[in-house]
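Step one of this worksheet: look at the structure below.
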Amino acid sequence: MTAKIIDGKAIAANLRASVKSETHRLTAAHGIVPGLAVVLVGDNAASKTYVTSKSRAVVEVGMRPLDYHLPAATGEAELLALVKALNADPAVSGILVQLPLPPQIHTARVLNSIDPEKDVDGFHPLNAGRLMTGLPALVPCTPVACLKLIKSVHSSLVGIDALMVGRSHIVGNPLAQVLLNENATVSVAHTHTRNLPDYCRRAELLCVAIGCAEFIRGDWIKPGATVIDVGINRVTDGSGKSRIVGDVNFAEAAEVAGAITPVPGGVGPMTIVSLLVNTLHAACAQAGLPPPAV
Ligand code: GUN
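See the structure below:
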């Protein structure tokens, strides 16, 4: 193996420690305890696991968790009313409505009703627009996480040839924009891209968020490239044992890449810490204070 493994767990632990000390400073100096409201509708098993991890992380850094678990049959009006109340509550610095929402609820209507200043997911069109126009914005957590991992191996991204594979509103689109804002030369590939392997082979920085197990092969990777694998896919082998793999064939890619994030242990551990970073930024902005040093 030639690649340096980008240790998301260790980087996340460091960042968590910084968020904790900045949070304590905010509380000691200004009496502010950032509060994160997490709203879960229904009983999606994966969502429940995420929500539990988020609340634990919030407590760990000295923030206040405000958890709302609504039944699967909750109507849109009821959810909109809850968001409205959270928007108005000064103890709430950040609001996260866990996706997916049940089918009777119009997702965009709910996300668009969140106060953009409390939109710690960065999904509100105002924050997406601010990111796109280079204004300060709350940026979706996974792109924030990816940038921090990339910066652990590249002090500057100016002029780097970057390829974003995937164009979701949660990861691909905003991550491409984040890289562009760092002055990288960014291409975006997606389902309709022809000759994807050739595009990949040109990339010095390859970011992949497509949700397809081990889709990117080792011989698609430019020797020495940095590979950021956002995928989390559960696969079952011949003996019925299941494991988590990324969107990149790690064993193959690690023979060619210069640096690569493992799955698990790469992007995953960083995303929840990014949510804490966003919550801290939101709390400072709402109090009219300068942004924290994280
Ligand atoms: N479901 C899967 N990923 C996410 C995310 O980043 N934010 C929210 N709110 N829900 C999700």
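Position 221 of the sequence shown, counting from 1, maps to 1271 under the numbering used here, and the rest follow consecutively.
Note that beta-carbon positions come from the ideal geometry of N, C-alpha and C, so glycine has one too.
Ordered by chain, the residues meeting the criterion of a beta-carbon within less than 6 Å of a non-hydrogen atom of the ligand GUN are Leu1146, Val1147, Gln1148, Leu1149, Asp1171, Cys1191, Ile1220.
Separation of Val1238 and Val1280 (C-alpha to C-alpha, rounded to the nearest whole angstrom) is 15 Å. With a contact defined as Cβ atoms closer than 8 Å, Arg1244 and Lys1272 miss out at about 19 Å. Comparing C-alpha distances from Asp1248 to each of Ala1127, Ile1294, Leu1213, Ala1343 shows the shortest one belongs to Leu1213. By the C-beta criterion, the segment 1284–1304 is judged not to be in contact with the segment 1137–1154, since fewer than 3 inter-stretch pairs fall below 8 Å. The three-state reading of DSSP puts Ile1200 in helix, counting H, G and I together. Apart from the 5 residues on each side of it in sequence, Pro1084 sits with its Cβ closer than 8 Å to the Cβ of Thr1073, Leu1076, Met1113, Arg1114, Ser1143, Gly1144, Thr1329, Leu1330, Ala1332, Ala1333 in its chain, given in chain order.
Of the candidates Cys1262, Val1189, Leu1161, Cys1262 places its Cα closest to the Cα of Gly1296. Under the three-state reduction of DSSP output, Lys1070 falls in the helix class. Residue environment analysis places His1242 among the exposed positions, since fewer than 16 neighbouring C-beta atoms fall within 10 angstroms of its C-beta. Listed in chain order, the non-local C-beta contacts of Asn1299 below 7 Å within the same chain comprise Glu1264, Ile1266, Arg1267, Gly1268, local neighbours out to five positions each way being set aside. For the set His1240, Ser1097, Pro1224, Ala1158, the Cα lying nearest the Cα of Ala1187 is the one of Pro1224. For Leu1213, the enclosing beta strand (DSSP E) starts and ends at 1211–1215.
Around the C-beta of Lys1201, fewer than 16 other C-beta atoms lie within 10 Å, and the residue is accordingly described as exposed.
Between Leu1130 and Thr1124, the alpha-carbon positions lie close to 10 Å from each other. Taken through DSSP and simplified to helix, strand or coil, Asn1299 comes out as coil. When DSSP states are grouped into helix, strand and coil, Val1147 belongs to the strand group. Secondary structure in the segment 1130–1198: the alpha helix (DSSP H) runs of 4 residues or longer, each lying completely within the stretch, are 1157–1162, 1175–1182 in chain order. Leu1116: member of the beta strand (DSSP E) spanning 1114–1120, first to last residue.
Cβ-Cβ separation between Leu1086 and Leu1116: approximately 7 Å, consistent with a contact (criterion under 8 Å). Here the alpha carbon of Lys1059 sits roughly 14 Å from the alpha carbon of Ser1068. At least 7 Å separates the beta-carbon of Val1147 from that of Tyr1118.
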